[in-house]
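A.B. asks: Protein chains in written order, with the numbering used here: chain Z, 2 to 331; chain D, 623 to 831.
Glycine is no exception: its CB is placed at the ideal position from the N, C-alpha and C atoms.
Quick one: this structure, given as structure tokens, is what I'll be asking you about.
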């Protein structure tokens, strides 16, 4: 076996080891390579940025743990943006495990031990203020703070359940749920995941159907994202944005060109771009997990490009393109 | 306390799964089977909590909506698959779901996946005043789509200017598409590894913040 054959027959475990080292080391020596937001991500950010407390968005946790690394940072970034602008958010899930991941994400955002997070006020805790009559979010916040509730140190604001946020969660046969929400959201979700009555929530009284919703951001690791386009956009003209895994991204660029989706976050890179835009917009002080992974991503890509180039050099220099049998080691 | 246990369990199972990269071993098998089992168990509990109990069992037990007996019976007919003598009954709910599913999906699928996508390729190649890169993009979309379609047209031999050259351009367009997809796939797989390494280094070992 000559040198080129040895090179082409290298034990793949050495390649795994090399990739592992390349992925681990940059976490300890950060380079801060620039991440420039693309038009596809900017269009989602700009749309959410143009919304306010009178609007509403859906964020669909339409993935399972297999693609958590890519999809979860996207959801966290969009939620932070919406909460900081007081844009009401409905959270849904296509899969049961998606509901658990969404709970994990909001749990992280509502953890006020970490600076820059949001203080969560459960539906049951502001019952007395509801009984006195709900007259808008601003007056609710004023009444809440006047009642002696102080914003925890480092927190960026309050999130009132039922006003700023409703965790609708998982329902089976989600395409039928989207169709049903075109007529009435409450008919599909009589209660949220905590058992609170959804029809009584101010967020729902202001947005009764999908027609009253300004955007749905679906975070998906499979073709489930198309359900929102097929049944939401086609039926009620719902604006939809995608947060999909990198593997899927090329499949959905045509839907941006056709105007069927507003924009797309593709993979961890898409999430990092959204985080950069949020930081530039002053909605967070520090970028999130996705941005921190970008140095590693770039280095790993360089390593893989080098391996592809070296593999090709070995293939041609060894003359294997001239029908020479490649002696594969068994 | 429970959070710490959860992190340790997640970390050890992550390592068990990655041990497959060295070679297949019982730890990997254990982790793989546990993933399937716990996912299924969790899904069943959530389905019961979110759907079966509040939307079926509760209204029926209160006598609020007797029409729910119909979907309940149809659902129970699925279970007959476990009993060979009456397994034929499970075909009816399957037929019902297939029929309604196809009926509901067909018009919306046609609209979103075929008509709107076709419409998006029927664009003017040249628009006065448009920047050059947009004009180039329009040319690629129109001729790229036509060339790729010609490649998949098998009723005529791929010879001559139209079918021969068209199919050759088509295969190049398709290959460029595959290349882009492969690039994104590499990015995706590395992202998943980054996610796990981030978890191991920060949540588990507290080596990075």
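Please list the residues of the stretch 666 to 678 of chain D that have a C-beta atom closer than 9 Å to any C-beta atom in chain Z, keeping them in chain order.
C.D. replies: 666, 667, 668, 669, 671, 672, 673, 676, 677
A.B. asks: Within the stretch 88 to 174 of chain Z, note down every full alpha helix (DSSP H) run reaching 4 residues or more, in order along the chain.
C.D. replies: 97 to 110, 128 to 132, 138 to 147, all fully within the stretch 88 to 174 of chain Z.
A.B. asks: Take residue 78 of chain Z and list the residues in its own chain whose beta-carbon comes closer than 7 Å to its own, dropping the five residues that flank it on each side.
C.D. replies: 272, 275, 276, 279, 289
A.B. asks: Can you confirm whether residue 680 of chain D, when its beta carbon is compared against all beta carbons of chain Z, has any partner nearer than 8 Å?
C.D. replies: no
A.B. asks: Under 8 Å, do residue 65 of chain Z and residue 99 of chain Z count as touching if we go by C-beta distance?
C.D. replies: yes
A.B. asks: Step through the CB atoms of chain Z and report whether any lies within less than 8 Å of the CB of residue 623 of chain D.
C.D. replies: no
A.B. asks: Reducing DSSP to helix, strand and coil, say where residue 266 of chain Z ends up.
C.D. replies: strand
A.B. asks: Please work out which residues of its chain come closer than 6 Å, Cβ to Cβ, to residue 91 of chain Z, disregarding the five sequence neighbours upstream and downstream, and give them in chain order.
C.D. replies: Cβ neighbours of residue 91 of chain Z beyond the five flanking positions: 59, 167, 169.
A.B. asks: Taking any Cβ of chain D, which residues in the stretch 237 to 252 of chain Z have a Cβ under 7 Å from it, in chain order?
C.D. replies: Listed by position along the chain: 246, 247, 248, 250, 251.
A.B. asks: Where residue 742 of chain D and residue 665 of chain D are concerned, what is the direct C-alpha to C-alpha distance, given to the nearest angstrom?
C.D. replies: 39 Å
A.B. asks: Excluding sequence positions up to five away, which residues of its chain have a Cβ less than 8 Å from the Cβ of residue 767 of chain D?
C.D. replies: 743
A.B. asks: Rounded to the nearest angstrom, what separates residue 330 of chain Z and residue 10 of chain Z at their Cα positions?
C.D. replies: The predicted model places residue 330 of chain Z with a pLDDT of 49, which falls under 50 and marks its position as unreliable; any figure quoted below should be read in that light. About 6 Å.
A.B. asks: Counting pairs of Cβ atoms below 8 Å between the stretch 800 to 816 of chain D and the stretch 240 to 251 of chain Z, do you hit three or more?
C.D. replies: Segments in contact, yes.
A.B. asks: Taking the alpha carbon of residue 120 of chain Z as the point to measure from, which residue in Z/131, Z/142, Z/103 has its own alpha carbon closest?
C.D. replies: Looking at Z/131, Z/142, Z/103, the one whose alpha-carbon comes closest to that of residue 120 of chain Z is Z/142.
A.B. asks: Just how far apart, CA to CA, sit residue 153 of chain Z and residue 56 of chain Z?
C.D. replies: 27 Å
A.B. asks: When the Cβ atoms of the stretch 815 to 826 of chain D are set against those of the stretch 797 to 804 of chain D, are three or more pairs found closer than 8 Å?
C.D. replies: no
A.B. asks: For residue 313 of chain Z, does the count of other Cβ atoms within 10 angstroms reach 16, so buried, or fall short, so exposed?
C.D. replies: Counting the other CB atoms within 10 Å of its CB gives residue 313 of chain Z a total below 16, which places it among the exposed residues.
A.B. asks: Could you run through the stretch 30 to 55 of chain Z and flag, in chain order, every residue whose CB is less than 7 Å away from some CB of chain D?
C.D. replies: Within the stretch 30 to 55 of chain Z, no residue qualifies.
A.B. asks: Excluding sequence positions up to five away, which residues of its chain have a Cβ less than 8 Å from the Cβ of residue 16 of chain Z?
C.D. replies: Shown here for residue 16 of chain Z: same chain residues with a beta carbon closer than 8 Å to its own, the five before and five after excluded, namely 308 in chain order.
A.B. asks: Using a C-beta to C-beta distance shorter than 9 Å, which residues of chain D count as neighbours of residue 98 of chain Z?
C.D. replies: 661, 664, 665, 668
A.B. asks: May I ask you to verify whether the stretch 127 to 142 of chain Z touches the stretch 27 to 38 of chain Z, counting CB pairs closer than 8 Å and requiring at least 3?
C.D. replies: no
A.B. asks: In this structure, how does DSSP classify residue 246 of chain Z when only helix, strand and coil are distinguished?
C.D. replies: coil
A.B. asks: From this set, D/777, D/642, D/699, D/807, which residue's C-alpha is nearest residue 710 of chain D's C-alpha?
C.D. replies: D/699
A.B. asks: Consult DSSP for residue 252 of chain Z and reduce its assignment to one of helix, strand or coil.
C.D. replies: helix
A.B. asks: Using a Cβ cut-off of 8 Å, pull out every chain D residue sitting near residue 192 of chain Z, in sequence order please.
C.D. replies: Those are 676, listed as they occur along chain D.
A.B. asks: Closest Cβ-Cβ distance between residue 641 of chain D and chain Z: below 8 Å?
C.D. replies: no
A.B. asks: Between residue 708 of chain D and the rest of its own chain, which residues show a CB-CB distance below 7 Å, the 5 nearest in sequence each way excluded?
C.D. replies: Sequence-distant partners of residue 708 of chain D (beyond 5 residues in either direction) whose C-beta falls short of 7 Å from its own C-beta, in its chain, are 702.
A.B. asks: For the stretch 264 to 275 of chain Z, list every residue whose C-beta sits within 8 Å of some C-beta in chain D, in sequence order.
C.D. replies: 267, 268, 269, 270
A.B. asks: Is any beta-carbon of chain Z found at less than 8 Å from that of residue 787 of chain D?
C.D. replies: Not one chain Z Cβ lies under 8 Å of residue 787 of chain D.
A.B. asks: Would you call the stretch 27 to 47 of chain Z in contact with the stretch 187 to 205 of chain Z, where contact means no fewer than 3 C-beta pairs closer than 8 Å?
C.D. replies: no
A.B. asks: Please classify residue 806 of chain D: is it buried, with 16 or more other beta-carbons within 10 angstroms of its beta-carbon, or exposed?
C.D. replies: buried
A.B. asks: Find the residues of chain D that neighbour residue 170 of chain Z, judging by a C-beta separation of less than 7 Å, and give them in chain order.
C.D. replies: 672
A.B. asks: So, helix, strand or coil for residue 1 of chain Z, using DSSP?
C.D. replies: Only positions 2 to 331 of chain Z appear in this structure, which leaves residue 1 of chain Z out of reach.
A.B. asks: What does the alpha-carbon distance come out to for the pair residue 180 of chain Z and residue 281 of chain Z?
C.D. replies: Distance between the alpha carbons of residue 180 of chain Z and residue 281 of chain Z is about 37 Å.
A.B. asks: Please report how far the alpha carbon of residue 772 of chain D lies from the alpha carbon of residue 789 of chain D, in whole angstroms.
C.D. replies: Taking the straight line from one Cα to the other gives about 5 Å.
A.B. asks: How far does the beta strand (DSSP E) with residue 219 of chain Z in it extend, from its first residue to its last?
C.D. replies: Per DSSP, residue 219 of chain Z belongs to the beta strand (DSSP E) from 216 to 221.
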